[in-house]
Amino acid sequence: MSDALLTLSGVHTHIGRYHILHGVDFSVPKGRTTMLLGRNGAGKTTTLRTIMGLWRASQGSINFEGASIEKMDTPDVARAGIALVPETMAIFSDLTVRENIVLAARDGPPDERRLAWIFGFFPALKKFWLSRAGTLSGGQKQMLSIARAIIEERKLILIDEPTKGLSPAIVGALIECLQELKRGGATILLVEQNFRVAQEVGDLVCVMDSGRIAHAGAMADLAADDKLQQRLLGLSLDSHQ
Amino acid sequence: MSAAESQTLDAGAALPQQKTDYVPILLPFALALVAYPFVGSFSTWLTLTLAGLAMGMMIFAMASGLTLVFGLMDVMNFGHGAFISVGAYLAMVAIAPMAGYAHTDALGPGLLALLPAIALAMIGSAAAGYVFERVLVRPVYGQHLKQILITMGGLIVTEQVLYAAFGPQINPLPRPEALHGSIDFAGAAIEKYRLFVVIVGLVVFALLQFLLTQTKIGLLIRAGVENKEMVEALGYRIRRLFVGVFMAGSALAGLGGLLWAFNQEQAHASMGGEMMVLTFIVIIIGGLGSVGGCFIGAVLVALLNNYTAFLLPKAALVSTILLMVVVLLWRPRGLYAVTSR
């Protein structure tokens, strides 16, 4: 794909004795939101962590903006312009909300206008600006985790199951935030178990199974094809609406 | 539901504001108050309390680096005592040419005599820490058993190098004359050196707190103690930070070694190793990686040790162990839990 920002080709990842990714191939086009779906244990989180350099690819190549990044250390991958919102949120609970954001803003103090833009989606972060992040609720921790990834403009944002365990009200705010990011031209690779969320924000979809890409195409096509969903994900759209 | 509605719901959610956990901060005060009626005499209590505070500051200086190294790097550095001994010996080397200043009663020249000793002890220990990290610790990151073995080996080697360089004898290390003697206050004799040590300890604690809470490097250290991986995912090279923290921790241990050596008025190569049990108890009580916890833990341990040694001399040795047991039963990860370890 000519407009691909990120391309994985034949990526294998081993974690200890376990062979998790078995030759993953897919591309993430610039300015689009690509969903990475699949059953538990399919290798979605491992794929994100391998892109980020947190786990090394044992084989294959990962290209970002035409440069090979599979041998890079994680800080270099981050400085190349890739941000990660991990499944565990990984906020620094001993630090305040402000301190978490200050750390995420590598290039200097957080930009006031961008901060105001983030507060527009997540007003709780403004309210608890000086509170210890460990005292936030699960949803607010997720907001902080996302805010950390977008406080400065990044070329690619990797987000791992942001709606997991959150109330519908907070999921709504997250969807609105993701859609606003899309409107701003951000490129997002999003792992998500909630099919409704995937449908609302995804442009493209890759479905993983047993450490491989089993299907790649437009999100709208998958959403419209019940049988394909059943075959790839073991679900029908009706049961998830 | 619209975004606006969901945001309103979210913003309105009742959540606790930032809370400071004051209970551990109150513990040393409570201990001092509880001890007072048992000690009986105010002047004796004041002398014991100040001696305990001074001892606490020396232990804090020695242990503060260890708690950061433990918390941030997950390194079990059983060789930390080596930097305490190195600091003491370097102080001895640096104070010798300053004998003219050290032998006057005036406070100014007396303190001036200490400055090169403090500088050399800290810089020399930091350099020793750099070599220690590069040669011994770096190859065994993430391997706890090997860390224990190799850092203990490093401690033994350092002790032997000091014996080889300075001889096996205990070396006298008199304090500057200006820090000898005592000041009378409320009927109690307050030793000048203890007062000096308390001031140094408070300054070190204040500087560390400032560094950790008011600077970006401090934020990175605190964040790294909690989640190294995420700090790297934000684009920061944690390895470089590790080396810096290891060196700073070693420098603080060197300062602690200097203070302890002048307190004992002697330096010997095994003095660092002898302090290791106490420093480990302090960082466990305080919570691994917590400088504030380490400070409170050091003061608590030293005060309790002093009061117990006065009231029940035979129980002094076990009092610190008992304190650790009680604290861990109450808070299994120490007074201020920073890491999940």
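Sequences listed follow chains A and B, in order.
Just so you know, we're using my numbering here: the first sequence kicks off at 111 and counts up by one.
Just so you know, we're using my numbering here: the second sequence kicks off at 323 and counts up by one.
Virtual Cβ for every residue (Gly too), placed ideally from N, Cα, C.
All values derive from a computational prediction rather than experimental measurement.
Assigned exposure category for residue i - 16 Cβ within 10 Å defines buried
| i | result |
| --- | --- |
| I492 (chain B) | exposed |
| D113 (chain A) | exposed |
| D427 (chain B) | exposed |
| S363 (chain B) | exposed |
| R127 (chain A) | exposed |
| V345 (chain B) | exposed |
| I505 (chain B) | exposed |
| Q482 (chain B) | exposed |
| N150 (chain A) | exposed |
| G489 (chain B) | exposed |
| S386 (chain B) | buried |
| F351 (chain B) | exposed |
| G327 (chain A) | exposed |
| S328 (chain B) | Residue placement at S328 (chain B) cannot be trusted, given a pLDDT of 40 that sits under 50; what the coordinates show is reported in the next sentence. Buried, by the Cβ-count rule. |
| L246 (chain A) | buried |
Cβ-based neighbour list, residue i, same chain, cut-off 8 Å, excluding 5 preceding and 5 following
| i | result |
| --- | --- |
| V391 (chain B) | V397, N399, H402, V567, F568, G571 |
| A448 (chain B) | M569, A570, S572, A573, G576 |
| W239 (chain A) | T206, V207, R208 |
Coarse secondary structure for residue i, derived from DSSP in three states
| i | result |
| --- | --- |
| S171 (chain A) | strand |
| S119 (chain A) | strand |
| D319 (chain A) | strand |
| R456 (chain B) | helix |
| A215 (chain A) | coil |
| S641 (chain B) | helix |
| T144 (chain A) | strand |
| R208 (chain A) | helix |
| L495 (chain B) | coil |
| R264 (chain A) | coil |
| L634 (chain B) | coil |
| L194 (chain A) | strand |
| A570 (chain B) | helix |
| R561 (chain B) | helix |
| F507 (chain B) | strand |
| L337 (chain B) | For L337 (chain B), the predicted structure reports a pLDDT of 43, less than 50, and the residue's modelled location is therefore unreliable. A value from the coordinates is still provided. Coil. |
| S447 (chain B) | helix |
| A428 (chain B) | coil |
| A352 (chain B) | helix |
| H502 (chain B) | coil |
Same chain only: Cβ atoms within 6 Å of residue i, ignoring 5 sequence neighbours per side
| i | result |
| --- | --- |
| I643 (chain B) | none |
| D348 (chain A) | Note on D348 (chain A): pLDDT 47, under 50, position unreliable in the model; the coordinate value appears next. Contacts found: none. |
| F360 (chain B) | L633 |
| G374 (chain B) | A624, L625, N628 |
Beta-carbon gap between residue i and residue j smaller than 9 Å
| i | j | result |
| --- | --- | --- |
| L276 (chain A) | Q252 (chain A) | yes |
| A193 (chain A) | I179 (chain A) | no |
| G163 (chain A) | V134 (chain A) | no |
| I472 (chain B) | V459 (chain B) | yes |
| G614 (chain B) | I606 (chain B) | no |
| W582 (chain B) | M384 (chain B) | yes |
| P220 (chain A) | V207 (chain A) | no |
| R142 (chain A) | I267 (chain A) | no |
| I172 (chain A) | T156 (chain A) | no |
| G609 (chain B) | G578 (chain B) | no |
| E548 (chain B) | G611 (chain B) | yes |
Within chain B, the residues that residue i reaches when beta carbons sit closer than 7 Å
| i | result |
| --- | --- |
| L263 (chain A) | One point to set straight first is that residue 263 (chain A) is Glu, not Leu, in the sequence displayed. None at all; the shortest Cβ gap to chain B is about 14 Å. |
| A188 (chain A) | A555, L556, G557 |
| A194 (chain A) | Correcting the residue identity first, residue 194 (chain A) is Leu in this sequence and not Ala. Going along chain B in sequence order, the residues near L194 (chain A) (Cβ under 7 Å) are A555. |
Beta-carbon neighbours of residue i, restricted to chain B and to distances below 9 Å
| i | result |
| --- | --- |
| L164 (chain A) | E551, E554, A555 |
| R357 (chain A) | As displayed, chain A neither begins before 111 nor continues past 351, which places residue 357 (chain A) out of reach and without an answer. |
Residues that residue i contacts on chain A, provided the C-beta gap is smaller than 9 Å
| i | result |
| --- | --- |
| R544 (chain B) | F202, D204, L205, E209 |
| E587 (chain B) | None at all; the shortest Cβ gap to chain A is about 40 Å. |
8 Å Cβ cut-off: residues of chain B touching residue i
| i | result |
| --- | --- |
| V212 (chain A) | K538, L541 |
| L158 (chain A) | Per Cβ cutoff of 8 Å: no residues; L158 (chain A) is ~10 Å from chain B at best. |
Proximal residues of chain C, C-beta to C-beta of residue i below 7 Å
| i | result |
| --- | --- |
| R559 (chain B) | No chain C appears in the structure shown, which is made up of the protein chains A and B. |
Contacting residues, own chain, Cβ-Cβ under 7 Å from residue i (five flanking each side not counted)
| i | result |
| --- | --- |
| V553 (chain B) | L542, A545, G546, I560 |
| H466 (chain B) | M398 |
| L534 (chain B) | G540, I543, R544, V613 |
| R159 (chain A) | W165 |
Chain A contact residues for residue i, given Cβ-Cβ distances below 7 Å
| i | result |
| --- | --- |
| V660 (chain B) | D204 |
Contact test: residue i Cβ vs the ligand FAD heavy atom, cutoff 8 Å
| i | result |
| --- | --- |
| G579 (chain B) | With respect to small molecules bound, the structure shown includes none, and the ligand FAD cannot be examined in it. |
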